[in-house]
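Chains as they are written, first to last, in my numbering: chain H, 419 to 656; chain F, 1326 to 1553.
Have a look at the structure below before the remarks.
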Amino acid sequence: MNVFVDAIAWLLDPAQYTGSNSVPVLIGQQLFYTFVSVLIAALIAVPIGWAIGHTGRGREFAVAVSGAARAIPSFGLLILLILLLGVTQKTEAAFITFVVLAIPALLAGAYSGLQAIDRRTIDAARAVGMTEWQILWRVEVPLGLPLLVGGIRSAVLQVVATVTIAGYTDLGGLGFRIIQGIDLRAIDQVLGAALVLALLALLLDAVFALLQRMSVPRGIRAASAAPQRRRRPVAATA
Amino acid sequence: MSWIWSNLDLIFSLSLDHIRQSVIAIVLGFVLSVPLGWVAWRYRLLRGWVITLTGLLYTIPSLALLVLLPSALGYGIRTETNLIVGLTIYAIAIQTRSVADGFDSVDPGVRQAATAMGYGGFRRFWAVDLPLSGPVVLAGLRVMSVSTVSLATVGILVGVTNLGYLFTNGIQRRLLEEVFAGIVAVAVIALLIDALLVLLGRLVLPWAHVASPRATRRRARRRAEATA
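This is the structure:
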């Protein structure tokens, strides 16, 4: 356990908080890459996912895309893109990799959120005269929001892990210090950076878990808080 | 293509390393997640804990896990054991949930019928609960095995040799073909294992694709077309 004491000592060393490789800067880089990539991926995947969920068409396409994407190692894709685009365009290659990686989770979150809605709710919305556009924005999107936030949550966590791996290519972020430390056999640096990274991921997960809970529409929350009233047998009133 | 043809031996031996590492992790992850998933399903109070804990393990980035674990458990970072333990933990994290979901998917009526026929808890588990949870568990196993094979490439970053070597060596030597060969080899292995699992599912769970409502509907439609 001595090595963990060394790691804590490394983390508490003021040298880690100055200069261009300081821990706060690395955390900032890690978050910057993650959020920009997930945002770009969301702009692409969410409209497609909503279209699939609303029309019910193209679900097989989405499933096939996510299945195929899972089989491709993101580390290999990153290196392939760096070689294809040229080493000077490393950052662009990294962003493309992260966006590609984030798309399946976001796509699944967007369309499964819409598909999980009780069909009768949507029929009712249509019956009261809502247009398709209104149904999408005022019924389907709010009701599907928790699952979409769940998709964003897993996309963010996957991208955070992959940004770490991208540290191999001198891209910055906490992964760079881990990989550099393994080469230098500086175990305190390796463990210190890994601890910060693990905590960062757990913190992001907690934040998104909270957002997911907050994204449940108020009406649904009230209904699930009082399940007795909802489940009263229909036969009794008939 | 010349690099690939003259290095087929290397690709083949790295593939064998890769398959060995991932298959051990997949099997271990599956075997360990069945009791965990069962506990989560059987004891409501524990469910939240088990699912949350395995979910948190999955949250930790792979590179962090692969350097933290050996220091905590006392083996070398560069050993194959390290990669296999790490991959097994991720496999458990994915699979435990789908095992619990699988037991959930068993019709309670069927379970009651088994109890009524005199099946005790132990026999009912092996003869009713486990086989009937099969289709859902298999779906989870397919996801888990594909991600394990693809994640294993990260091993090269902590010094464990497998197909990931083609990526690091490829960028050092600026050999596009080498990197491409690595990606294709990983994808082929992932898809082969997936196909094997599907085949295994057909053999062990012959009822799974008979009972699927969509297949029944498709068959009914085909029959209707044939008679029309």
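Where is the CB? At the ideal position from N, CA and C, for every residue including glycine.
Fair warning: this is a prediction, and the values are worked out from it, not measured in the lab.
Residue i and residue j closer than 8 Å at C-beta
| i | j | result |
| --- | --- | --- |
| Leu-1390 (chain F) | Val-1483 (chain F) | no |
| Val-614 (chain H) | Tyr-451 (chain H) | no |
| Val-1461 (chain F) | Gly-1427 (chain F) | yes |
| Pro-1386 (chain F) | Ala-512 (chain H) | no |
| Arg-1403 (chain F) | Val-1485 (chain F) | yes |
| Ala-1418 (chain F) | Gly-1380 (chain F) | yes |
| Ile-1514 (chain F) | Ile-497 (chain H) | no |
| Thr-1421 (chain F) | Gly-1362 (chain F) | yes |
| Gly-585 (chain H) | Ile-596 (chain H) | yes |
| Gly-527 (chain H) | Gly-568 (chain H) | yes |
| Gly-1507 (chain F) | Gly-494 (chain H) | yes |
| Leu-1463 (chain F) | Leu-1517 (chain F) | no |
| Gly-471 (chain H) | Gln-533 (chain H) | yes |
| Ala-1416 (chain F) | Gly-1354 (chain F) | yes |
| Val-1523 (chain F) | Val-1474 (chain F) | no |
| Asp-431 (chain H) | Ile-605 (chain H) | no |
| Ile-1351 (chain F) | Glu-1502 (chain F) | no |
DSSP-derived helix/strand/coil call for residue i
| i | result |
| --- | --- |
| Met-548 (chain H) | coil |
| Ala-534 (chain H) | coil |
| Tyr-1415 (chain F) | helix |
| Val-652 (chain H) | Summary for Val-652 (chain H): the model assigns pLDDT 39, below 50, so the residue's position carries little reliability; its value from the coordinates is reported in the next sentence. Of the three classes helix, strand and coil, the one that applies to Val-652 (chain H) here is helix, per DSSP. |
| Arg-647 (chain H) | For Arg-647 (chain H), the pLDDT reaches just 42, beneath the cut-off of 50, and the residue's location in the model is therefore unreliable, although a value from the coordinates is still provided. Arg-647 (chain H): helix per DSSP, three-state reduction. |
| Ile-570 (chain H) | helix |
| Arg-1448 (chain F) | helix |
| Val-1431 (chain F) | coil |
| Pro-564 (chain H) | helix |
| Asp-431 (chain H) | coil |
| Tyr-1383 (chain F) | helix |
| Asp-1454 (chain F) | helix |
| Tyr-1400 (chain F) | coil |
| Pro-491 (chain H) | coil |
| Pro-635 (chain H) | coil |
| Thr-436 (chain H) | coil |
| Trp-555 (chain H) | helix |
| Arg-1422 (chain F) | helix |
| Leu-1330 (chain F) | The sequence given here has Trp at residue 1330 (chain F), not Leu. Correct three-state label for Trp-1330 (chain F): helix. |
| Trp-1532 (chain F) | coil |
Contacts of residue i in chain F (Cβ-Cβ under 8 Å)
| i | result |
| --- | --- |
| Thr-582 (chain H) | Pro-1386, Ser-1387, Leu-1388, Ala-1389 |
| Tyr-586 (chain H) | Leu-1482, Thr-1493 |
| Leu-609 (chain H) | Val-1392, Leu-1393, Ser-1396 |
| Val-421 (chain H) | Ser-1396 |
| Gly-569 (chain H) | Correct list: empty, because the minimum Cβ distance to chain F is about 15 Å. |
Whole-Å CB distance - residue i paired with residue j, under 8 Å assumed
| i | j | result |
| --- | --- | --- |
| Ala-573 (chain H) | Ala-520 (chain H) | 4 Å |
| Ile-583 (chain H) | Leu-1388 (chain F) | 6 Å |
| Leu-1488 (chain F) | Val-1504 (chain F) | About 11 Å separates the two Cβ atoms, so there is no contact after all. |
| His-1343 (chain F) | Ala-1533 (chain F) | His-1343 (chain F) to Ala-1533 (chain F), Cβ: 29 Å. No contact. |
| Gln-630 (chain H) | Pro-564 (chain H) | 6 Å |
| Thr-1384 (chain F) | Ala-469 (chain H) | Contact doesn't hold; Cβ gap of about 30 Å is too wide. |
| Leu-609 (chain H) | Phe-453 (chain H) | Wrong, their Cβ atoms sit about 26 Å apart, outside the cutoff. |
| Ala-480 (chain H) | Val-517 (chain H) | Incorrect: roughly 16 Å between the Cβ atoms, too far for contact. |
| Leu-525 (chain H) | Val-483 (chain H) | 7 Å |
Range of the contiguous alpha helix (DSSP H) that encloses residue i
| i | result |
| --- | --- |
| Phe-453 (chain H) | 441-473 |
| Thr-1486 (chain F) | Counting along the chain, Thr-1486 (chain F) falls outside any alpha helix (DSSP H), and DSSP gives it neither H nor E. |
| Asp-623 (chain H) | 605-632 |
| Met-1469 (chain F) | 1459-1476 |
| Trp-1363 (chain F) | 1333-1367 |
| Ile-505 (chain H) | Per the sequence shown, residue 505 (chain H) should be read as Val rather than Ile. No alpha helix (DSSP H) contains Val-505 (chain H), which DSSP labels as neither H nor E. |
| Val-1504 (chain F) | 1501-1529 |
| Gly-599 (chain H) | 592-602 |
Within chain H, partners of residue i - CB distance below 7 Å
| i | result |
| --- | --- |
| Ala-1512 (chain F) | Ala-489, Ile-490 |
| Phe-1505 (chain F) | Leu-498 |
| Ala-1515 (chain F) | Ala-489 |
Chain-ordered neighbours of residue i on chain F, where CB pairs are closer than 9 Å
| i | result |
| --- | --- |
| Gly-476 (chain H) | Ordered by position in chain F, no residue passes the 9 Å Cβ test against Gly-476 (chain H), which lies about 17 Å from the chain. |
Neighbouring residues, chain F, relative to residue i (Cβ below 7 Å)
| i | result |
| --- | --- |
| Gly-446 (chain H) | Those within 7 Å of Gly-446 (chain H) in chain F number zero; the least Cβ separation is about 17 Å. |
| Val-578 (chain H) | Pro-1386 |
Per-residue contacts from residue i into chain H (C-beta, under 9 Å)
| i | result |
| --- | --- |
| Arg-1499 (chain F) | Leu-501, Val-505 |
| Ile-1402 (chain F) | Ile-600, Ile-605, Val-608 |
| Gly-1465 (chain F) | Under the 9 Å cutoff, chain H gives no residues; its nearest Cβ is about 13 Å from Gly-1465 (chain F). |
Partner residues on chain H for residue i, Cβ-Cβ distance less than 8 Å
| i | result |
| --- | --- |
| Leu-1381 (chain F) | Leu-620, Asp-623 |
| Leu-1489 (chain F) | Reading off the sequence, residue 1489 (chain F) comes out as Gly, not Leu. Within 8 Å Cβ-Cβ: Pro-491, Phe-493, Gly-494. |
Listed by chain order, chain B residues near residue i by CB distance under 7 Å
| i | result |
| --- | --- |
| Ile-521 (chain H) | No chain B is present in this structure, whose protein chains are H and F. |
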